[in-house]
Amino acid sequence: MPERVHILALALFLSALETTIVATALSTIAEHFDDFRRYTWIVTAYMVAFNGFLLLHARLSDIFGRFAVFYSCLATFALFSGLCGAAQSMVQLIIFRALQGVGASGLFSLTMVIVPDITPDRWLGVYSGLISSVFALSSILGPLLGGLIAQHSTWRWVFLLNVPGSAICAFMVAPAVRSHNVFKSIRGKWKQIDIPGSIFFLAGTILLIYSLQSANSSGSNFGWSSRVIIGCLVGSGVSLISFIIYELIMQRYFSISPLFPLSLLLRSAFFMGSSFYSTIIQLPQRLQQVNSKSPTTSGVLLLPVLLPSAAFSALSGGLYRKFPTSATLLLTLGGCLQVIGVGLLSTLSIKQSVPARQYGFEVVTGVGFGLMLPSFMILARDWVSKEEYATAMGLVNTFRTLGGCVSIAVNNAIMNEELPKKAAFLSSKQLETIKTSSLTLLHLSPDEVLKVRAAYGEVYNQQFFVTAMLSIVSAIAASVLLARQYKTPRQVHASVGSRQE
């Protein structure tokens, strides 16, 4: 029943929240285990597993049914969230975080698939907007909640809060989930799994994300020129090329269901949300390091992004219900506003005070995000067959989060390259210490502190400028899709109209 979709939103909220909630608790966790050398792996392990399994979970749900895969992922997520909260060493926490990410990726991916399954076409826009607003809410609330927990309680609750949330979700979501047992026997189902394709795709994706997350990140022992990173990038390229060749062969000559139909790559711009993760990570960091704000205050000051993003996600979904062909137009408009908003953020003052115009820039950026997020779900539903939809959404989600990883990696490279130049009066040891903990600034003179904050401000402005340039690709791709739609309006209206009947 559509009225139960809000229960599915809880699963999405929990999985997306874990992507960002740990960011403001990292220093506290590292201090607890006295391990600043490996603490970035708490984020890296989760992101690698989360991104690597998005597409696979969607495909498995086509084979074994939404119900079976969803509940398996929910159980995995709850179990390893509890184990993360009980971890007794940094190594244990990193391992449990990776396995938590496997479960979370299934909750995220399958929520995006199940909602259109159980929603009548006339309500698809409304519920797509609702789900997208929940995603925006959880992603931006993460740093705020993480900061509050780290400051006022034990960091373990960052993970333990998922256990009761998962229990509530398991109890209440069952009526909303339909099982799609397409194949008759378990043996037949196993035959349908594209095992070689899955291995190629997982290897390529995991190696790529590991490289992007590890190279030149704070606390990492590897740079872009290290043998480990080069080897991972080469291995990723070989795996993904092998995956494409293998899928083409399977699709043409054999009966094994390919992991995804390659034609879907030509029907949508899967990487359009690449600046989302970058922006929600950069803004809190800038507020802390340039404007001297606490983690909690930094989270509160993200509300000008959060509120418009959530509101316009719901609004754009409602507009789609009234104007069924508006999704591409909203995607284009959102892409343009995203470019403008992020571009304006690159012009912020490097002074310690927060300029009032920053909140206006955040609003523009949030509106852009809000218009874009539900459009992906709607367009994937409109442009592919019902049998291909789960895989299409898995691919959309994979590319969107992968785009965020690429953008974050680029920003890390900019920070590591430019900050030493702009803060040349500090030793390399002082710089590394400041990156680990802002408390190090207390040991500098007031004049040096102002110079360090100004140096950070200039680097963050460069990062936002590069992010805006990446966003232009999104806007251009959306514009091409819009032009293609109006070039063949009859086909588009016929496709959408048939789904509305």
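In mature numbering (1 follows the signal peptide of the UniProt record, and there is no 0), the protein residues as written are -23 to -1, 1 to 478. The beta carbon of each residue, even a glycine, is placed where N, CA and C say it ideally should be.
If you look at Thr375, you'll find it in the alpha helix (DSSP H) that goes 366 to 399. An exposed status is given to Tyr336, since fewer than 16 other beta-carbon atoms sit within 10 Å of its beta-carbon. With contacts defined by Cβ atoms closer than 9 angstroms, Ser143 and Leu51 form a contacting pair. When the Cα atoms are used, Ile183 and Ala26 turn out to be separated by approximately 7 angstroms. Under a 10 Å Cβ-count criterion, Pro141 is classified as exposed, with fewer than 16 other Cβ atoms of the shown protein chains found around its own Cβ. Excluding the 5 residues flanking it on each side, Val387 has same chain C-beta neighbours closer than 7 angstroms at Val443, in chain order. For Thr96, no alpha helix (DSSP H) run applies, since DSSP gives it neither H nor E.
Contact between Ser213 and Leu185 holds: CB atoms are separated by about 4 angstroms, below the 8 angstroms threshold.
By the Cβ-count criterion, Ser330 is exposed, with fewer than 16 other Cβ atoms from all chains shown falling within 10 Å of its own Cβ.
A distance of 9 angstroms or more separates the beta carbons of Pro332 and Tyr297. Distance from the Cα of Val267 is smallest, within the candidate group Gly347, Gly208, Leu396, for Leu396.
Taking a C-beta distance under 9 angstroms as the contact criterion, Ile385 and Val436 do not qualify as a contact pair. One thing to note: Arg36 has its Cβ no nearer than 9 angstroms to the Cβ of Thr375.
Sixteen is the threshold: when 16 or more other Cβ atoms of the shown chains lie within 10 Å of the Cβ of Ile257, as they do, the residue is buried. In the DSSP assignment, Trp18 falls within the alpha helix (DSSP H) that extends over 18 to 41. Rounded to the nearest whole angstrom, the C-alpha separation of Leu379 and Gln440 is 18 angstroms. Closest by C-alpha distance to Ser456, out of Cys61, Gly312, Ser290, is Gly312. Listed in chain order, the non-local C-beta contacts of Val79 below 7 angstroms within the same chain comprise Ala26, Phe30, Thr53, local neighbours out to five positions each way being set aside. Between Gly59 and Ser271, the gap from beta carbon to beta carbon reaches 9 angstroms or more. By a beta-carbon distance limit of 8 angstroms, Ser448 contacts Val316. Their separation comes to about 4 angstroms. With a cut-off of 8 angstroms on Cβ pairs, the region 87 to 101 is in contact with the region -21 to -6, counting three or more such pairs. Within the region 252 to 307, complete alpha helix (DSSP H) segments of at least 4 residues are found at 272 to 277, 280 to 299, given in chain order.
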